[in-house]
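So the mapping is simple: our numbering equals the position in the sequence shown, first residue as 1, plus 1.
Positions of the beta carbon are idealized from the N, C-alpha and C atoms, including for glycine.
The structure appears below as structure tokens.
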Amino acid sequence: MISLAGKAALITGGSRGIGAAAVHMFAQAGADVVFNYFRSKDAAAQVEQEARKHGTRVESLKADLGKMKDAKRLVDFTAERLGKIDILVANAGIWNVEDRPIESLSEKEWDDMVRVNLKSVYAVTHFAAARMIAQKSGKIIAISSTAGQRGEAFHTHYGATKGAIISFVKGLAAELAPHGILVNCVAPGWVDTDMSKPVLATKAGRKSVFATIPLGRVATAEEVAGPILFLASDLATFITGEALNVNGGSVLCG
Ligand code: NAD
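As structure tokens, this is what we get:
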């Protein structure tokens, strides 16, 4: 039932994990897609090649989205290649596997986290929203986290950026509603990707994580990409300012 035929989507951090799953699903649903990668050109080329099998246009660009000039370059590239931007998925992000107690959390670590996880969302949204306002339509979907809803001890900088994304989305939803632009976020719990691999690769890590999730397991990247696709689709035309929980029941908040 879900079709994105004729839609142009920009997905950040599409070279792996949740972003790559979203690139595949969006292409399968008929969308043309541009995504950025940060380091691995090979991984991006592989995602491109696979997603193109669905017959739509799929292209990637290297960009560090914590930099305004790269965010602008990516948005301009998308508009130039696809002719417009109907959907922005602000997914790119980082997380530290090591515990970072507040007394040793450095200014650089704090700044890097805020730059990559929060400023990047502002930066791509800033440039993409201007185009959506001009075309009087659009969908913006950012990726938050359960860490943004309940905090994350020893990863307070990560939790702070993800919490800020939720309030950013709520404010922006009201601000952009008159322009026909819907703004939401998805808040995943644990997802089986390269980001969480260092924890989930060990038996002890898996056991302690699974114990916190009523469904008794973590999500696949596709199980997060599906709800992103739903929000991007015409099945979700009256939802805005929402944080959609995709967490197996681990954080039960409305
Ligand atoms: P991942 O590490 O597999 O992928 C992250 C992506 O972000 C990569 O494509 C990478 O190239 C890109 N990226 C990193 N730094 C960048 C930068 N400076 N500029 C541009 N792109 C950059 O992670 P994932 O698990 O797929 O996570 C995707 C999103 O979901 C993140 O925002 C993450 O915080 C969030 N999330 C993940 C989990 C989880 O358990 N994996 C849980 C909750 C939320």
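Cβ neighbour criterion (16 or more within 10 Å) applied to residue 26: Per the 10 Å Cβ criterion, buried.
Over what stretch of residues does the alpha helix (DSSP H) that includes residue 124 continue unbroken? 121 to 136
When you compare only the Cα positions, how much space is there between residue 34 and residue 212? 37 Å
Could you check if residue 129 belongs to the surroundings of the ligand NAD, using beta carbon to heavy atom distance under 7 Å? Not under cutoff, so the answer is no.
Is any non-hydrogen atom of the ligand NAD found closer than 7 Å to the C-beta of residue 213, if you look at the structure I gave you? no
Do the segment 167 to 187 and the segment 3 to 16 meet, that is, are 3 or more Cβ pairs less than 8 Å apart? no
Inspect the beta-carbon positions of residue 175 and residue 242 and report whether they are closer than 8 Å. Yes. Within cutoff.
Residue nearest to residue 130 in terms of C-alpha spacing, selected from 183, 29, 151 and 171: 183
Residue 76 - containing beta strand (DSSP E), residue span: Premise fails: residue 76 lies in the alpha helix (DSSP H), 69 to 83, not in any beta strand (DSSP E).
Within 10 angstroms of the Cβ of residue 39, are there 16 or more other Cβ atoms? Answer buried if so, exposed if not. buried
Buried or exposed (CB count within 10 angstroms, at least 16 for buried), residue 254: A residue is called buried once 16 or more other Cβ atoms fall within 10 Å of its Cβ, and residue 254, having fewer, is exposed.
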